[in-house]
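K.L.:
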Amino acid sequence: MNIPYASVKSIDLFNCNSSKTVCRRGFTGPVLKKVQDYLSRQDGIVALYLFGSFGTEFQNDFSDLDLGVVYYPGKFPDLKRELSIEADLSLLLGIERIDLVNLNRAPIQLRFKAVARGVLLFEADADALAGFLEDTYRKYGDYQVDLETYYREYRKALREVYLNG
1 MNIPYASVKS
11 IDLFNCNSSK
21 TVCRRGFTGP
31 VLKKVQDYLS
41 RQDGIVALYL
51 FGSFGTEFQN
61 DFSDLDLGVV
71 YYPGKFPDLK
81 RELSIEADLS
91 LLLGIERIDL
101 VNLNRAPIQL
111 RFKAVARGVL
121 LFEADADALA
131 GFLEDTYRKY
141 GDYQVDLETY
151 YREYRKALRE
161 VYLNG
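The numbering of the sequence shown is my numbering, which starts it at 1 and goes up by one.
(1) Are there 16 or more other CB atoms within 10 angstroms of the CB of Gly175, so buried, or fewer, so exposed?
(2) Between Glu96 and Leu50, what straight-line distance do the alpha-carbon atoms span, to the nearest angstrom?
(3) So, using beta-carbon positions, are Val35 and Leu89 closer together than 8 Å?
(4) Return the bridge partner residues of Tyr49 from the DSSP annotation.
(5) Does the beta-carbon distance from Leu32 to Leu121 come in below 8 Å?
(6) The alpha helix (DSSP H) with Leu83 in it runs from where to where?
(7) Hey, quick one: how far does the beta strand (DSSP E) through Leu163 stretch, first residue to last?
(8) Take every Cβ of the stretch 80-87, pair it with every Cβ of the stretch 146-157, and state whether three or more of those distances are shorter than 8 Å.
(9) Give the range of the beta strand (DSSP E) segment to which Leu39 is assigned.
(10) Could you work out which residue in Gln59, Val70 and Glu148 is closest to Ala124 when comparing CA atoms only?
(11) On the three-state DSSP scale, how would you describe Leu100?
(12) Round the Cβ separation of Ile98 and Leu67 to the nearest angstrom and send it over; I've been treating them as touching at under 8 Å.
(13) Throw me the rounded Cβ distance for the Arg111 and Leu100 pair, which I believe falls under 8 Å.
(14) Cutting at 8 Å between CB atoms, please list the residues of its own chain near Thr21, excluding the five before and the five after it.
(15) Give the C-beta separation of Thr149 and Val115 to the nearest angstrom, bearing in mind that I take them to be a contact with Cβ-Cβ under 8 Å.
(16) Once DSSP output is grouped into helix, strand and coil, what is the label at Lys75?
(17) Taking the CB atoms as reference points, tell me whether Phe54 and Ser63 lie closer together than 8 Å.
As structure tokens, then:
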């Protein structure tokens, strides 16, 4: 079996517009089609996002490929199944360093980052994904207020300690 290596030659400009802070490179053509075909045969997967530094100007030799998977509520796979999906995607893409993140179980900050800044590579069910996105944005909106308060108080405490001695 000849597995394509996902090098710079198999990665094309995927998504670059004014709403994104950086241009994102993603998998296109036959590589993307293989990933989409594989995922469409997997039970319980709603969507897959590419996020992180891969395919951006910040990618380097140590970058891994961060993929966020959204599952149907109540259809979360066990660890063995998640590792199997990660291994299969690694073989399909020809990339050893893949980090497959279950976005349903991820902390809200990571969840938000993946869907807000990432690229949607696969979508099996638009309605289920819309529900997941709505839940993510709602929770992050609530969380962001507390996070900003924390950072403001933290910076204030640092100034008091280091500037006032």
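Glycine residues also receive a C-beta, built at the ideal position from the N, C-alpha and C atoms. Predicted model, so just to flag it, every value in this text is computed and none were measured.
P.N.:
Reading from the atomic positions:
(1) It is not possible to answer for residue 175, since the shown part of the chain is limited to 1 through 165.
(2) Counted from its first residue, the sequence shown places residue 96 at position 96. Counted from its first residue, the sequence shown places residue 50 at position 50. About 16 Å.
(3) Counting from 1 along the sequence shown, the entry for residue 35 is found at position 35. Counting from 1 along the sequence shown, the entry for residue 89 is found at position 89. Cβ atoms of Val35 and Leu89: closer than 8 Å.
(4) The sequence position of residue 49 within the sequence shown is 49, counting from 1. BP columns for Tyr49 point to Gly68 and Leu120.
(5) The residue you call residue 32 lines up with position 32 of the sequence shown. The residue you call residue 121 lines up with position 121 of the sequence shown. Yes, the Cβ-Cβ distance between Leu32 and Leu121 is below 8 Å.
(6) On the sequence shown, residue 83 is found 83 positions in, with the first residue counted as 1. Leu79 to Leu93 is the extent of the alpha helix (DSSP H) around Leu83.
(7) Within the sequence shown, numbered from 1, the residue matching residue 163 stands at position 163. Looking at the DSSP string, Leu163 is not in any beta strand (DSSP E); the run it does join, the alpha helix (DSSP H), is Ala126 to Leu163.
(8) no
(9) As a working mapping, residue 39 is identified with position 39 in the sequence shown. Element bounds for Leu39: not the beta strand (DSSP E) but the alpha helix (DSSP H), Gly29 to Ser40.
(10) Locating residue 124 in the sequence shown gives position 124, counting from the first residue. Ranking Gln59, Val70 and Glu148 by Cα distance to Ala124 puts Val70 first.
(11) Counted from its first residue, the sequence shown places residue 100 at position 100. The answer is strand: DSSP assigns Leu100 an E or B state.
(12) Position 98 of the sequence shown, counted from the first residue, corresponds to residue 98. Position 67 of the sequence shown, counted from the first residue, corresponds to residue 67. Yes, Ile98 and Leu67 are in contact; Cβ-Cβ is about 6 Å, under 8 Å.
(13) By 1-based counting over the sequence shown, the position of residue 111 is 111. By 1-based counting over the sequence shown, the position of residue 100 is 100. Not quite, the Cβ-Cβ distance comes to about 14 Å (not below 8 Å), so this is no contact.
(14) Counting from 1 along the sequence shown, the entry for residue 21 is found at position 21. Only weak support exists for where Thr21 lies, its pLDDT of 38 falling under 50; the coordinates are left without a value.
(15) Within the sequence shown, residue 149 is the residue found at index 149, counting from 1. Within the sequence shown, residue 115 is the residue found at index 115, counting from 1. 24 Å between Cβ atoms; not a contact.
(16) Here residue 75 corresponds to residue number 75 of the sequence shown, with the count starting at 1. The answer is coil: DSSP assigns Lys75 none of H, G, I, E or B.
(17) For the purposes of this step, residue 54 is identified with residue 54 of the sequence shown, where counting begins at 1. For the purposes of this step, residue 63 is identified with residue 63 of the sequence shown, where counting begins at 1. In contact: Phe54 and Ser63 (Cβ atoms closer than 8 Å).
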